[in-house]
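Structure first, then comments.
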Amino acid sequence: MLSEVSKEIKYYLKHCQILKRILRETNSSLNDINNLLQLGTDIKRELSIYDELEALSQKVERTPNLIIFGQSCHAKAVLVNMLLQQKILPYFSSQWRHITFKYGQAKSVHLMLGEEIEIVENLNVHEEPNWETIPEEDIQRNDKENLLDHCPSIEVMLKHKLLKENVKIIVPPDCHRDQLVEVLERIGEKVLPVIIYALSEDTLSDFNIQEIRKLKDIYLVPFLFVSVNKIELPALNTESLTEPKKHSLESNGEENVNQLHSLKEQLTRLGYISNDSDSDLSVTSEQTDELLRKKPFCLECSLDNALMSDKTINEDFILFIREILRSSKLKMALSLSELHNSCLRKFILCAFDMAREIQITPKRILYAQDVEMKMFTSLMTIASEQQEEITSIIQRTLQDMKSNVAEVLEGYNSSALVSPKVATMEIQQLVLKTLAASVAIQIVQSVGCLQESFTGTLERCLENLEKSCRELEGNLSASDAVKQIIHAAYNIDLKTPTSFSIVHTFMDRLRKLLGSFSSPWSSTGQFNCTLQWQLQVVTNMIDSLSASKLAKTISAQFQEHVKSSHAAFQCAMRSLENQLSDQLEQTEEQRIAIRKKHAPRFARLALESTSLCDLIKWGMPKQIREIGRGQYGVVSSCEPWGKISPCAFKSVVPPDDKHWNDLAMEFYYTRTIPEHPRIVKLRGSVIDYKYGGGSSPAVLLLMNRMTKDLYCGLKSGLTWLKRLRIAIDVIEGIRYLHSQGLVHRDIKLKNVLLDDEDRAKLTDFGFCIPEAMMSGSIVGTPVHMAPELLSGRYDSSVDVYAFGILFWYICAGQVKLPSQFDQFQNKEQLWNSVRKGIRPECLTHFNEACWNLMEQCWSAEPSERPLLGNVQPQLEQIYKSVKYGLNQGKFPYSPGSVKSYASQDMCYNYTFMNFREY
């Protein structure tokens with residue numbers, strides 16, 4: 045069995061080559077996405093998986109190497125000689141150098157410094173042309189050689205099967221456990237370690253225990269402990285013994301059963317091996333595959349270490365190697381599959397976001413324009429209709445000020461030496477401020493309710509529209525224009541003279557009106573600014589103001605500003621709409637690119653990586669017999685695969701990249717659908733790269749084998765009650781798909797499978813797709829296709845239409861085409877007639893409830909078709925009525941329940957087929 049190790053390693057390297065190719069294509073796809081797609085920063089960050097891919101690339105490059113540790117050089121020598129089936133290392137020596145065994149055409153030994161520098165030095169082994177065992181002097185290091193300071197190593201070249209495929213046997217030198225990390229660094233990172241620890245004693249010493257614990261910290265992989273036969277050290281030098289005595293000495297170490305048992309107890313107690321009987325790999329080769337199925341190997345589980353005897357190494361060693369290699373490649377394939385599926389999910393979510401943006405942006409634009417127009421109209425109405433109210437406000441304010449002139453001057457302190465002109469201006473400012481404050485308060489109270497009615501949602505809507513428009517920088521935006529209206533109407537700022545407000549304009553107007561005002565006490569000389577003089581100035585100013593003129597000025601200025609802001613808003617919205625229109629076109633192009641190119645490309649990579657995982661875990665399914673054949677694949681029953689029994693698979697050979705991508709998307713959607721009793725769950729997939737001589741690989745899609753499809757069920761004869769139960773099952777399946785955001789798009793007889801109890805499940809999701817990923821493709825089976833499918837604009841209601849046609853067959857109890865459809869020569873004639881309203885005829889045994897339900901489902905207008913949540917209760921009510929009638933012995937109408945419509949040989953026991961026949 046040791047000769048099989050090279051085959052296992054070759055098989056491992058073959059899978060690594062597949063992983064390398066998938067990794068290269070993944071990197072290429074990501075580069076195309078980053079260069080061609082204008083995705084958001086968050087999406088690109090989430091799709092940035094280069095670090096993970098680089099880490100996987102490094103792992104894939106690793107070559108399996110056997111690393112031999114042991115209790116002593118003697119134990120390691122026994123194990124290495126046993127693996128190589130020759131006495132290559134001396135049994136009785138110590139203090140070894142680092143030893144590496146490689147594959148070579150000729151047997152040779154070299155003294156190396158590092159991996160590439162050979163030290164030119166005559167070794168003792170070179171003096172014997174036909175040497176068998178390396179002399180002890182060549183592999184021992186002297187006292188001057190420091191392990192951590194460029195210590196030379198021994199490299200042995202052997203033409204041995206075990207060393208093929210670039211496999212090495214590495215024997216690290218004996219050292220203190222604190223030196224292990226630095227000593228083992230010379231092994232390199234491109235090594236998949238297979239750790240073997242040779243045991244020649246009955247028990248582990250404290251040094252051995254500490255060494256194993258340190259090694260487990262360094263290598264997070266399982267260990268194989270091998271109990272080897274202890275060869276006693278002779279009193280005389282082995283070279284002085286005759287060959288028969290040497291043979292007697294080596295064979296004298298018969299393995300002691302007690303030694304193995306003692307080691308197993310101690311290793312179990314220390315937690316280095318499991319107490320489970322499976323941890324002892326003493327099984328026959330015939331049990332290997334079964335053991336692998338029962339107990340998947342975990343590279344990071346310390347309890348999966350194993351113990352074996354050197355007497356059973358030929359049977360057990362291959363199993364350990366197989367598990368190690370299988371676990372390593374499975375972990376890499378699983379990691380890659382998770383990356384692919386994660387990216388694919390993000391692509392689909394991105395497509396959903398893009399579709400939503402394309403739909404909602406025009407609605408946001410219309411909403412913003414509509415709300416702003418209503419606000420503009422309301423403000424203009426207030427400005428025109430409330431001029432009289434503003435006049436009365438000003439008149440009351442002026443009258444109050446004139447009656448309480450002293451209150452107007454409260455807080456005014458003027459210097460006695462100030463000029464009349466300066467004093468007059470100060471009093472003017474005081475009067476204007478008092479008047480402006482009163483008018484502002486009244487105006488804000490009259491229109492303040494509009495702020496809550498219009499501004500909040502409008503501002504959020506505009507901010508959302510403008511956040512992606514970079515060209516607005518430096519220009520007036522629509523949201524800024526709205527804010528100008530808002531500030532003018534509601535936020536009258538009396539303190540900031542630079543900001544625009546109604547009162548600010550009002551005060552400017554007052555200053556112009558009072559510009560020609562002259563005080564009767566004005567003179568060029570100094571005068572005393574008495575209180576009487578101040579009161580007279582205030583009274584004269586109030587008398588000179590006209591309330592109607594001021595109100596007219598305020599109203600005109602307010603309307604002018606609102607109109608200006610409205611015009612600015614319309615201009616900004618036109619610019620914004622143009623920019624968003626261009627962006628939406630780009631978004632639609634990006635969505636199409638994701639849907640047609642990038643997502644299918646990643647789906648294919650996901651299919652390959654996931655299929656490789658299934659192949660590694662469960663192997664290639666073994667076909668029993670062919671049970672069905674369709675346009676797109678062959679259906680076969682197979683032996684139990686994984687945990688599936690009975691099992692079947694559909695083999696598909698995609699002829700080109702488009703079919704590969706379509707199949708990959710079907711695989712992704714089908715496999716990600718959660719478990720549901722009315723959905724046929726896809727259990728796994730395997731790619732047969734050898735199919736067609738390797739030129740055209742076949743994809744095997746595996747699932748539970750069902751009894752028959754609804755087509756065969758109707759032909760073989762199903763009772764009316766069972767058919768109604770099937771109709772309810774189909775509705776439940778479609779509703780569940782829709783709840784997952786998926787549209788089946790190909791509901792028909794052959795895509796409804798029946799189990800042993802004639803319960804239905806939906807299958808064949810080749811056309812199943814999320815609504816956001818739909819492109820308007822004309823897909824499906826012509827008889828079941830809704831009219832809008834031909835226009836390319838449709839939604840999930842196409843499944844409701846298809847169910848209506850399917851329900852006609854269920855009620856008819858037969859598979860013959862409706863006579864309304866049977867008259868057409870080709871599908872184009874059928875489609876034209878369907879668009880004109882042609883539907884299946886009403887058969888004589890149809891009851892009214894069933895016929896009405898069919899007609900509702902196949903309505904020409906999608907909006908008129910019933911919701912599936914309303915269809916299911918109707919079907920359940922019909923089912924209960926029929927069941928009640930049967931229980932009462934009334935036997936309600938039962939079309940097709942007596943007559944069998946076809947012979948049993950037309951009904952195959954198969955899982956699913958993918959016919960697209962007319």
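Residues in the sequence shown are numbered from 45 upward in steps of one, following this note's numbering.
We put the beta carbon where it would ideally sit given N, CA and C, even for glycine.
Buried versus exposed call for residue i [16 or more other C-beta atoms within 10 Å across all chains shown]
i	result
T13	Outside the displayed range of the chain (45 to 962) lies residue 13, so it cannot be described from this structure.
M352	buried
Q630	exposed
R400	exposed
T328	For T328, the predicted model reports a pLDDT of 39, less than 50, meaning its position is unreliable; a value from the coordinates is still stated below. With fewer than 16 Cβ atoms within 10 Å of its Cβ, T328 is classed as exposed.
Q601	buried
Y928	exposed
T888	exposed
N870	exposed
D95	exposed
H194	exposed
I62	buried
R65	exposed
E165	exposed
E199	buried
V915	buried
T501	exposed
L575	exposed
D315	Looking at the sequence provided, one finds Gly at residue 315 rather than Asp. Result: exposed.
M12	No answer is possible for residue 12: it lies beyond the span of the chain, which begins at 45 and ends at 962.
Three-state class that DSSP yields for residue i in the structure shown
i	result
E48	helix
E229	helix
W875	helix
T144	strand
P667	The question names Pro, but residue 667 in the sequence shown is Gln. Three-state result, Q667: strand.
F267	strand
P237	strand
I717	coil
E159	coil
K805	strand
N109	strand
I978	Outside the modelled stretch of the chain, which goes from 45 to 962, sits residue 978, for which no answer is possible.
R645	helix
E334	For E334, the predicted model reports a pLDDT of 46, less than 50, meaning its position is unreliable and no value from the coordinates is stated.
A450	helix
L777	The sequence shown places Gly at residue 777, rather than the Leu named in the question. Reduced to three states, the DSSP call for G777 is helix.
G114	strand
K258	helix
K54	helix
Which residues DSSP lists as bridging residue i, in chain order
i	result
L184	The residue asked about is misnamed: residue 184 is Gln in this sequence, not Leu. Beta-bridge pairing links Q184 to W140.
V154	Looking at the sequence itself, residue 154 is His, so the reference to Val does not match. Note: H154 sits in a beta bridge opposite E199.
C691	C682, N748
D732	A742
R673	V678
M352	V270
L726	M747
K640	Paired residue(s): none; K640 is not in a bridge.
V696	V743
K966	Past the edges of the chain, shown from 45 to 962, lies residue 966, and the structure says nothing about it.
Integer Cβ distance of residue i from residue j, believed to fall under 8 Å
i	j	result
N252	Q115	6 Å
E710	F809	5 Å
G158	M201	Rounded, the Cβ-Cβ distance is 17 Å, inconsistent with contact.
E162	H154	5 Å
Touching by the beta-carbon criterion (3+ pairs, under 8 Å), the stretch 202 to 220 and the stretch 94 to 114: yes
Inter-stretch contact (C-beta, 8 Å, three-pair minimum) for the stretch 215 to 229 and the stretch 140 to 159: yes
Segment contact, 8 Å Cβ cut-off, at least three pairs: the stretch 826 to 835 with the stretch 865 to 885: yes
Cβ contact (3+ pairs, closer than 8 Å) linking the stretch 850 to 863 and the stretch 892 to 906: yes
At least 3 beta-carbon pairs within less than 8 Å: the stretch 222 to 238 vs the stretch 249 to 269: yes
The stretch 624 to 640 / the stretch 686 to 699 touching (three or more Cβ pairs under 8 Å): The stretch 624 to 640 vs the stretch 686 to 699: no contact.
Validate contact between the stretch 654 to 670 and the stretch 423 to 442 using beta carbons, cut 8 Å, 3 pairs: no
Cβ pair count under 8 Å reaching 3, the stretch 761 to 775 against the stretch 793 to 807: yes
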